[in-house]
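Okay, so the sequence shown: first residue is 138 according to this note's numbering, each after it adds one. Notes follow the structure.
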Amino acid sequence: MKSVCNVFRKARTVLQRINTKILSKVTSILITWIILSTVIPNYYRPAPLLLKSNTDGYLNTTSLYELNSNAVVNHQLINSDIVLVTAHPDDESMFFAPTLIELAKSNYGNRIHLICFSDGNFDGLGKIRSEEISKSATFLGIDSVKVLDYADNIKLSWDSEDIVNTLTTELAELELTLPQLVILTFDDAGVSSHPNHISLFNGVSKFMNLQQSVQSASSVNFFKLKTWPIYIKFSSHVITNFELLLHHIKSQAGLCQRFQSLPNQLGFQQSLRQYSNSFYGSSDFDSIVIYSDFYSWFVNMSAMTYAHHSQIVWFRWFWLFFSKYMNSNELILVDSY
(Lines of atoms letter the chains of each structure in order from A and count residues from 1; the text may use other names and numbers.)
(Lines give C-alpha, C1' and ligand atoms only; values in the text may rest on other atoms or scores of the structure.)
Protein backbone atom coordinates (compact mmCIF):
# COMPACT_ATOMS: atom_id res chain seq x y z
CA MET A 1 0.00 0.00 0.00
CA LYS A 2 2.83 2.38 0.90
CA SER A 3 4.57 1.67 -2.40
CA VAL A 4 1.39 2.56 -4.31
CA CYS A 5 1.08 5.82 -2.38
CA ASN A 6 4.72 6.63 -3.10
CA VAL A 7 4.16 6.06 -6.82
CA PHE A 8 1.18 8.42 -6.81
CA ARG A 9 3.14 11.05 -4.86
CA LYS A 10 6.04 10.85 -7.30
CA ALA A 11 3.67 11.07 -10.26
CA ARG A 12 1.98 14.12 -8.75
CA THR A 13 5.34 15.78 -8.16
CA VAL A 14 6.39 15.16 -11.76
CA LEU A 15 3.11 16.59 -13.08
CA GLN A 16 3.47 19.66 -10.89
CA ARG A 17 6.97 20.26 -12.24
CA ILE A 18 5.76 19.84 -15.82
CA ASN A 19 2.86 22.24 -15.24
CA THR A 20 5.21 24.78 -13.69
CA LYS A 21 7.57 24.59 -16.68
CA ILE A 22 4.71 24.92 -19.16
CA LEU A 23 3.23 27.88 -17.30
CA SER A 24 6.64 29.52 -17.15
CA LYS A 25 7.18 29.15 -20.90
CA VAL A 26 3.68 30.41 -21.76
CA THR A 27 4.18 33.42 -19.50
CA SER A 28 7.56 34.16 -21.09
CA ILE A 29 6.07 33.99 -24.58
CA LEU A 30 3.24 36.34 -23.62
CA ILE A 31 5.56 38.85 -21.94
CA THR A 32 7.86 38.78 -24.96
CA TRP A 33 4.90 39.47 -27.24
CA ILE A 34 3.77 42.42 -25.09
CA ILE A 35 7.26 43.93 -25.30
CA LEU A 36 7.54 43.42 -29.08
CA SER A 37 3.97 44.39 -30.00
CA THR A 38 3.25 47.14 -27.50
CA VAL A 39 6.18 48.45 -25.46
CA ILE A 40 8.66 48.92 -28.31
CA PRO A 41 6.23 50.38 -30.91
CA ASN A 42 4.46 52.69 -28.47
CA TYR A 43 7.40 53.97 -26.43
CA TYR A 44 10.47 53.55 -28.59
CA ARG A 45 9.42 53.95 -32.21
CA PRO A 46 6.79 56.75 -32.38
CA ALA A 47 9.14 59.75 -32.14
CA PRO A 48 10.14 59.87 -35.87
CA LEU A 49 6.49 59.63 -36.85
CA LEU A 50 5.41 62.36 -34.46
CA LEU A 51 8.16 64.66 -35.75
CA LYS A 52 7.47 63.96 -39.41
CA SER A 53 6.35 66.85 -41.59
CA ASN A 54 2.63 66.66 -42.32
CA THR A 55 2.84 68.09 -45.84
CA ASP A 56 1.20 64.99 -47.35
CA GLY A 57 -1.48 64.64 -44.66
CA TYR A 58 0.01 61.34 -43.51
CA LEU A 59 -0.36 62.15 -39.82
CA ASN A 60 -4.08 62.63 -40.33
CA THR A 61 -4.51 59.13 -41.76
CA THR A 62 -2.49 56.91 -39.46
CA SER A 63 -3.04 55.42 -36.05
CA LEU A 64 0.56 56.23 -35.03
CA TYR A 65 0.87 52.49 -34.36
CA GLU A 66 4.05 51.91 -36.31
CA LEU A 67 3.58 48.17 -36.84
CA ASN A 68 0.44 48.64 -38.95
CA SER A 69 0.22 52.22 -40.17
CA ASN A 70 2.69 52.04 -43.08
CA ALA A 71 1.09 48.93 -44.57
CA VAL A 72 -2.46 50.23 -44.10
CA VAL A 73 -1.69 53.53 -45.81
CA ASN A 74 0.37 51.90 -48.59
CA HIS A 75 -2.57 49.63 -49.43
CA GLN A 76 -4.96 52.58 -49.41
CA LEU A 77 -7.11 51.09 -46.65
CA ILE A 78 -8.04 54.64 -45.68
CA ASN A 79 -11.03 56.90 -46.39
CA SER A 80 -12.99 53.78 -47.31
CA ASP A 81 -16.23 52.02 -46.55
CA ILE A 82 -14.98 48.68 -45.23
CA VAL A 83 -17.62 45.95 -45.65
CA LEU A 84 -16.87 42.74 -43.78
CA VAL A 85 -18.85 39.74 -45.04
CA THR A 86 -19.11 36.89 -42.52
CA ALA A 87 -21.13 33.72 -42.12
CA HIS A 88 -21.94 33.60 -38.40
CA PRO A 89 -22.13 35.85 -35.35
CA ASP A 90 -18.70 35.69 -33.65
CA ASP A 91 -16.77 35.29 -36.95
CA GLU A 92 -15.87 38.97 -36.73
CA SER A 93 -14.27 38.44 -33.31
CA MET A 94 -12.73 35.00 -33.81
CA PHE A 95 -11.06 35.74 -37.15
CA PHE A 96 -11.07 39.41 -38.17
CA ALA A 97 -10.69 41.42 -34.95
CA PRO A 98 -7.07 42.63 -35.41
CA THR A 99 -8.05 44.08 -38.80
CA LEU A 100 -11.31 45.61 -37.62
CA ILE A 101 -9.85 47.26 -34.54
CA GLU A 102 -6.99 48.77 -36.56
CA LEU A 103 -9.03 50.00 -39.53
CA ALA A 104 -11.68 51.49 -37.24
CA LYS A 105 -9.18 53.96 -35.75
CA SER A 106 -10.48 57.44 -36.46
CA ASN A 107 -7.45 58.89 -38.25
CA TYR A 108 -7.82 56.40 -41.10
CA GLY A 109 -11.18 57.92 -41.99
CA ASN A 110 -12.92 54.58 -42.56
CA ARG A 111 -16.44 53.41 -41.81
CA ILE A 112 -16.84 49.72 -40.91
CA HIS A 113 -19.92 47.76 -41.98
CA LEU A 114 -20.69 44.13 -41.13
CA ILE A 115 -22.97 41.86 -43.17
CA CYS A 116 -23.45 38.52 -41.40
CA PHE A 117 -25.22 36.03 -43.65
CA SER A 118 -26.75 33.89 -40.89
CA ASP A 119 -27.91 34.38 -37.31
CA GLY A 120 -26.09 31.24 -36.15
CA ASN A 121 -29.33 29.44 -35.36
CA PHE A 122 -27.88 25.92 -35.74
CA ASP A 123 -28.36 25.31 -32.00
CA GLY A 124 -31.54 27.38 -31.72
CA LEU A 125 -29.71 30.46 -30.41
CA GLY A 126 -30.32 32.71 -33.41
CA LYS A 127 -32.03 35.53 -31.51
CA ILE A 128 -29.42 35.55 -28.75
CA ARG A 129 -26.52 35.49 -31.19
CA SER A 130 -28.03 38.32 -33.24
CA GLU A 131 -28.05 40.44 -30.09
CA GLU A 132 -24.51 39.37 -29.26
CA ILE A 133 -23.09 40.45 -32.60
CA SER A 134 -24.50 43.95 -32.10
CA LYS A 135 -22.81 44.10 -28.71
CA SER A 136 -19.56 42.86 -30.22
CA ALA A 137 -19.73 45.62 -32.84
CA THR A 138 -19.50 48.26 -30.11
CA PHE A 139 -16.25 46.70 -28.87
CA LEU A 140 -14.68 46.44 -32.33
CA GLY A 141 -15.67 49.85 -33.71
CA ILE A 142 -18.15 48.58 -36.31
CA ASP A 143 -20.55 51.29 -37.50
CA SER A 144 -23.39 49.16 -38.88
CA VAL A 145 -24.47 45.52 -38.60
CA LYS A 146 -26.90 43.54 -40.73
CA VAL A 147 -27.77 39.94 -39.84
CA LEU A 148 -29.39 37.83 -42.59
CA ASP A 149 -31.26 34.54 -42.46
CA TYR A 150 -29.14 32.08 -44.46
CA ALA A 151 -29.11 28.58 -42.94
CA ASP A 152 -26.28 27.96 -40.48
CA ASN A 153 -25.19 24.43 -41.35
CA ILE A 154 -21.70 22.95 -41.30
CA LYS A 155 -22.71 20.50 -44.06
CA LEU A 156 -24.32 23.09 -46.35
CA SER A 157 -22.76 25.24 -49.07
CA TRP A 158 -24.59 28.40 -50.03
CA ASP A 159 -25.34 29.15 -53.67
CA SER A 160 -22.97 31.71 -55.20
CA GLU A 161 -25.72 33.29 -57.28
CA ASP A 162 -27.82 33.85 -54.16
CA ILE A 163 -24.86 35.48 -52.43
CA VAL A 164 -24.27 37.78 -55.41
CA ASN A 165 -27.91 38.88 -55.43
CA THR A 166 -27.99 39.34 -51.65
CA LEU A 167 -24.73 41.27 -51.62
CA THR A 168 -25.94 43.55 -54.41
CA THR A 169 -29.12 44.32 -52.47
CA GLU A 170 -27.40 44.85 -49.12
CA LEU A 171 -24.66 47.09 -50.52
CA ALA A 172 -27.27 49.22 -52.25
CA GLU A 173 -28.97 49.80 -48.90
CA LEU A 174 -25.79 50.83 -47.08
CA GLU A 175 -24.69 54.44 -46.86
CA LEU A 176 -21.52 54.15 -48.91
CA THR A 177 -20.37 57.76 -48.99
CA LEU A 178 -16.59 57.44 -48.95
CA PRO A 179 -14.35 57.44 -52.05
CA GLN A 180 -13.52 53.72 -51.91
CA LEU A 181 -15.27 50.48 -51.08
CA VAL A 182 -13.33 47.57 -49.56
CA ILE A 183 -14.96 44.14 -49.29
CA LEU A 184 -13.37 41.69 -46.89
CA THR A 185 -14.24 38.03 -46.32
CA PHE A 186 -12.72 34.55 -45.96
CA ASP A 187 -10.52 32.87 -48.57
CA ASP A 188 -11.27 29.64 -50.44
CA ALA A 189 -10.26 27.55 -47.40
CA GLY A 190 -12.45 29.49 -45.00
CA VAL A 191 -9.89 29.40 -42.12
CA SER A 192 -11.72 26.42 -40.58
CA SER A 193 -12.88 24.75 -43.84
CA HIS A 194 -16.47 25.59 -42.91
CA PRO A 195 -18.56 25.38 -46.13
CA ASN A 196 -20.47 28.55 -45.20
CA HIS A 197 -17.18 30.48 -45.01
CA ILE A 198 -15.97 29.07 -48.32
CA SER A 199 -19.31 29.88 -49.96
CA LEU A 200 -18.86 33.54 -49.09
CA PHE A 201 -15.49 33.67 -50.83
CA ASN A 202 -16.97 32.06 -53.94
CA GLY A 203 -19.96 34.40 -53.88
CA VAL A 204 -17.93 37.59 -53.38
CA SER A 205 -15.48 36.47 -56.09
CA LYS A 206 -18.37 36.03 -58.50
CA PHE A 207 -19.75 39.41 -57.46
CA MET A 208 -16.41 41.05 -58.26
CA ASN A 209 -16.15 39.23 -61.58
CA LEU A 210 -19.51 40.61 -62.59
CA GLN A 211 -18.27 44.08 -61.59
CA GLN A 212 -21.54 45.13 -60.07
CA SER A 213 -22.00 48.90 -59.80
CA VAL A 214 -22.09 49.87 -56.12
CA GLN A 215 -23.50 53.21 -55.07
CA SER A 216 -21.08 56.11 -55.52
CA ALA A 217 -17.83 54.35 -54.67
CA SER A 218 -15.21 55.20 -57.30
CA SER A 219 -13.25 51.99 -56.72
CA VAL A 220 -13.82 48.57 -55.16
CA ASN A 221 -11.11 46.38 -53.62
CA PHE A 222 -11.67 42.79 -52.53
CA PHE A 223 -9.45 41.37 -49.78
CA LYS A 224 -9.53 37.85 -48.38
CA LEU A 225 -8.32 36.62 -45.00
CA LYS A 226 -5.54 34.11 -45.54
CA THR A 227 -5.99 30.64 -44.07
CA TRP A 228 -2.75 29.66 -42.35
CA PRO A 229 -1.50 26.06 -41.99
CA ILE A 230 -2.51 24.50 -38.70
CA TYR A 231 0.96 24.86 -37.16
CA ILE A 232 0.73 28.63 -37.71
CA LYS A 233 -2.96 28.90 -36.93
CA PHE A 234 -2.47 27.48 -33.43
CA SER A 235 0.94 29.01 -32.72
CA SER A 236 -0.55 31.61 -30.37
CA HIS A 237 2.08 34.35 -29.99
CA VAL A 238 5.12 32.21 -30.82
CA ILE A 239 5.43 32.82 -34.57
CA THR A 240 4.12 36.34 -34.13
CA ASN A 241 7.06 37.03 -31.82
CA PHE A 242 9.52 35.92 -34.50
CA GLU A 243 7.75 38.10 -37.08
CA LEU A 244 7.82 41.14 -34.80
CA LEU A 245 11.44 40.57 -33.88
CA LEU A 246 12.36 40.40 -37.56
CA HIS A 247 10.44 43.60 -38.18
CA HIS A 248 12.27 45.47 -35.43
CA ILE A 249 15.65 44.17 -36.63
CA LYS A 250 14.96 45.20 -40.22
CA SER A 251 13.76 48.63 -39.08
CA GLN A 252 17.30 49.37 -37.90
CA ALA A 253 19.31 50.08 -41.06
CA GLY A 254 22.68 49.32 -39.51
CA LEU A 255 21.57 46.00 -38.11
CA CYS A 256 19.99 45.10 -41.44
CA GLN A 257 23.34 45.36 -43.19
CA ARG A 258 25.06 43.41 -40.43
CA PHE A 259 22.56 40.56 -40.67
CA GLN A 260 22.16 40.68 -44.44
CA SER A 261 24.50 37.76 -45.11
CA LEU A 262 23.01 35.56 -42.39
CA PRO A 263 19.81 34.59 -44.24
CA ASN A 264 21.81 33.59 -47.31
CA GLN A 265 24.04 31.32 -45.25
CA LEU A 266 21.11 29.72 -43.46
CA GLY A 267 19.09 29.21 -46.62
CA PHE A 268 15.89 31.07 -45.81
CA GLN A 269 16.40 34.32 -47.70
CA GLN A 270 13.17 33.91 -49.64
CA SER A 271 11.15 33.44 -46.47
CA LEU A 272 12.66 36.55 -44.92
CA ARG A 273 11.98 38.54 -48.06
CA GLN A 274 8.38 37.40 -48.10
CA TYR A 275 7.91 38.32 -44.44
CA SER A 276 9.59 41.65 -45.05
CA ASN A 277 7.32 42.46 -47.96
CA SER A 278 4.31 41.60 -45.84
CA PHE A 279 5.51 43.96 -43.09
CA TYR A 280 6.12 46.85 -45.43
CA GLY A 281 3.12 46.38 -47.68
CA SER A 282 4.94 45.31 -50.82
CA SER A 283 2.69 44.83 -53.85
CA ASP A 284 4.83 41.83 -54.88
CA PHE A 285 2.68 39.63 -52.69
CA ASP A 286 -0.44 41.86 -52.59
CA SER A 287 -0.72 41.09 -48.89
CA ILE A 288 -0.81 43.04 -45.69
CA VAL A 289 -0.18 41.79 -42.16
CA ILE A 290 -2.06 43.59 -39.38
CA TYR A 291 -1.05 43.08 -35.77
CA SER A 292 -2.77 43.59 -32.46
CA ASP A 293 -0.99 45.19 -29.56
CA PHE A 294 -1.84 44.28 -25.97
CA TYR A 295 -4.63 46.85 -25.79
CA SER A 296 -6.46 45.73 -28.93
CA TRP A 297 -5.90 42.06 -28.07
CA PHE A 298 -7.56 42.69 -24.72
CA VAL A 299 -10.50 44.38 -26.49
CA ASN A 300 -10.88 41.36 -28.76
CA MET A 301 -10.81 38.98 -25.81
CA SER A 302 -13.55 41.06 -24.22
CA ALA A 303 -15.63 40.99 -27.41
CA MET A 304 -15.51 37.20 -27.43
CA THR A 305 -15.91 36.45 -23.74
CA TYR A 306 -18.41 39.18 -22.87
CA ALA A 307 -20.31 40.02 -26.06
CA HIS A 308 -20.44 36.45 -27.43
CA HIS A 309 -21.05 34.87 -24.06
CA SER A 310 -23.26 32.07 -25.45
CA GLN A 311 -20.32 30.75 -27.49
CA ILE A 312 -17.85 30.48 -24.63
CA VAL A 313 -17.78 26.73 -24.13
CA TRP A 314 -14.70 24.90 -22.87
CA PHE A 315 -12.99 24.35 -26.25
CA ARG A 316 -13.44 28.02 -27.19
CA TRP A 317 -10.88 28.95 -24.54
CA PHE A 318 -8.34 26.93 -26.48
CA TRP A 319 -9.02 29.09 -29.55
CA LEU A 320 -8.85 32.33 -27.57
CA PHE A 321 -5.40 31.64 -26.18
CA PHE A 322 -3.77 29.58 -28.93
CA SER A 323 -5.14 31.00 -32.19
CA LYS A 324 -2.83 33.38 -34.06
CA TYR A 325 -5.95 35.01 -35.54
CA MET A 326 -6.51 36.60 -32.15
CA ASN A 327 -3.30 38.63 -32.47
CA SER A 328 -2.75 39.10 -36.22
CA ASN A 329 -4.34 38.82 -39.66
CA GLU A 330 -2.93 38.49 -43.15
CA LEU A 331 -5.08 40.03 -45.87
CA ILE A 332 -4.52 39.32 -49.55
CA LEU A 333 -5.81 41.53 -52.35
CA VAL A 334 -7.89 39.35 -54.67
CA ASP A 335 -9.43 41.81 -57.11
CA SER A 336 -10.10 45.49 -57.66
CA TYR A 337 -11.88 47.73 -60.14
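Even glycine gets a Cβ: it sits at the ideal position worked out from N, Cα and C.
- Under the DSSP assignment, Phe431 falls outside any beta strand (DSSP E), being part of the alpha helix (DSSP H) whose first and last residues are Phe431 to Ser439.
- A residue is called buried once 16 or more other Cβ atoms fall within 10 Å of its Cβ, and Ala309, having fewer, is exposed.
- Rounded to the nearest whole angstrom, the CA to CA distance from Ser281 to Ala288 is 22 Å.
- Within the same chain, Cβ atoms closer than 8 Å to the Cβ of Thr169 are found at His374 and Asn378, the five residues on either side in sequence being excluded.
- Going by C-alpha positions, Phe371 is about 5 Å away from Phe459.
- With distances taken between CA atoms, Thr223 lies nearest to Gly340 out of Thr314, Thr164, Gly340 and Gly278.
- Judged by pairs of C-beta atoms under 8 Å, the segment 261-271 does not touch the segment 201-218, as fewer than three such pairs exist.
- When only Cα atoms are considered, Arg248 and Thr236 end up about 13 Å apart.
- Put simply, the segment 319-336 does not touch the segment 436-452. Fewer than three CB pairs are less than 8 Å apart.
- For Ser161, DSSP assigns no beta-bridge partner whatsoever.
- Residue burial annotation: Trp434 is buried, with at least 16 other C-beta atoms found within 10 angstroms of its C-beta.
- Pairing Val176 with Val163, the inter-Cα distance amounts to about 19 Å.
- The beta carbon of Leu311 lies closer than 6 Å to those of His250 in the same chain, with the five residues before and after it left out.
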